[in-house]
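Numbering (this note's numbering), first residue to last: 273 to 520.
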Ligand code: PGA
């Protein structure tokens with residue numbers, strides 16, 4: 273069985289001080305949770321402070337982005353080694369907001385995954401279709417393209433995939449559990465056909481996950497966890513999502 277995995281993507285929210293306040297109030301709420309893997313991905317500026325507070329707890333630390341070069345004249349960018357030294361073990365790559373606002377293509381995503389993994393970081397790869405693409409029945413075609421482009425020459429070691437339909441992100445419009453399961457099953461089918469180890473890889477759902485809808489989503493066989501934006505910003509809300517993710 274795949275262990276549930278709940279990850280917080282804070283996006284561009286929380287100062288260093290706010291990060292500390294969150295973690296100090298969140299940790300006691302989840303101290304007995306051992307059956308769900310947890311990860312928090314704060315902004316770069318909070319990573320180091322967060323890593324001190326999360327040390328020796330069951331909560332892992334992730335970054336929201338990374339660059340594909342190891343070092344050099346790339347003003348404003350952050351390397352995998354920098355993330356590791358700040359205490360991260362994982363990085364989110366290819367989020368739709370990065371693709372939309374920062375022009376990240378599947379080729380760039382592919383290079384980022386390669387460099388991150390060569391340096392020993394785990395990766396959460398995000399994929400998902402837009403509203404237009406879903407309405408034109410092109411969801412599977414888009415997933416095919418994103419999977420083959422992003423995972424070119426990459427195996428599934430230390431990899432998690434997050435299916436995040438763009439129309440569900442930050443909109444309050446969650447995919448139904450059937451829609452999520454169908455897309456996850458399609459992704460796993462693609463991986464089984466093209467890679468080793470697809471059975472144990474976890475596929476997370478992302479897009480307006482809340483304490484109210486997480487249990488229903490998790491009741492689907494192909495939904496192994498969630499990548500949570502808005503509802504991960506408050507400790508009690510995120511703790512409820514973690515607890516609601518336990519498989520029945
Ligand atoms: P949301 O964001 O939970 O606010 O919809 C999810 C994400 O973008 O990872």
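Where is the CB? At the ideal position from N, CA and C, for every residue including glycine.
Every value quoted in this text rests on a predicted model; they were computed, and no experiment measured them.
My guess is that residue i and residue j are in contact by the Cβ rule of under 8 Å, so how many angstroms apart are they, rounded?
i	j	result
residue 396	residue 432	5 Å
residue 470	residue 464	4 Å
residue 446	residue 485	5 Å
residue 516	residue 483	6 Å
On a CA-only basis, which of the options is nearest residue i? Give me that one, please.
i	options	result
residue 442	504, 344 and 321	504
residue 587	423, 446, 325 and 291	The question about residue 587 has no answer here: the residues shown for the chain are numbered 273 through 520.
residue 385	360, 411, 415 and 337	337
residue 499	335, 273, 352 and 295	335
residue 282	502, 404 and 380	502
residue 392	513, 352, 492 and 313	352
residue 438	488, 402 and 415	402
residue 350	372, 316 and 382	316
residue 365	322, 418, 410 and 409	418
Does at least one heavy atom of the ligand PGA sit under 8 Å from the Cβ of residue i?
i	result
residue 443	yes
residue 248	One cannot answer for residue 248 here, as it falls past the ends of the chain, which runs 273 to 520.
residue 290	no
residue 484	no
residue 488	no
residue 500	yes
residue 320	no
residue 456	no
I want to check one thing, is the minimum distance from the CB of residue i to the heavy atoms of the ligand HEM below 8 Å?
i	result
residue 285	Of the ligands this structure carries, namely the ligand PGA, none is the ligand HEM.
Cutting at 6 Å between CB atoms, please list the residues of its own chain near residue i, excluding the five before and the five after it.
i	result
residue 466	none
residue 345	none
residue 434	396, 398, 476, 478 and 499
residue 388	338, 352, 363 and 395
Using a Cβ-Cβ cutoff of less than 7 Å, which residues in the same chain neighbour residue i once the five nearest sequence positions on both sides are dropped?
i	result
residue 518	276, 307 and 308
residue 329	299
residue 318	286, 288 and 291
Between which residues of its own chain and residue i is the CB-CB distance below 8 Å, once the five residues before and five after are set aside?
i	result
residue 380	340
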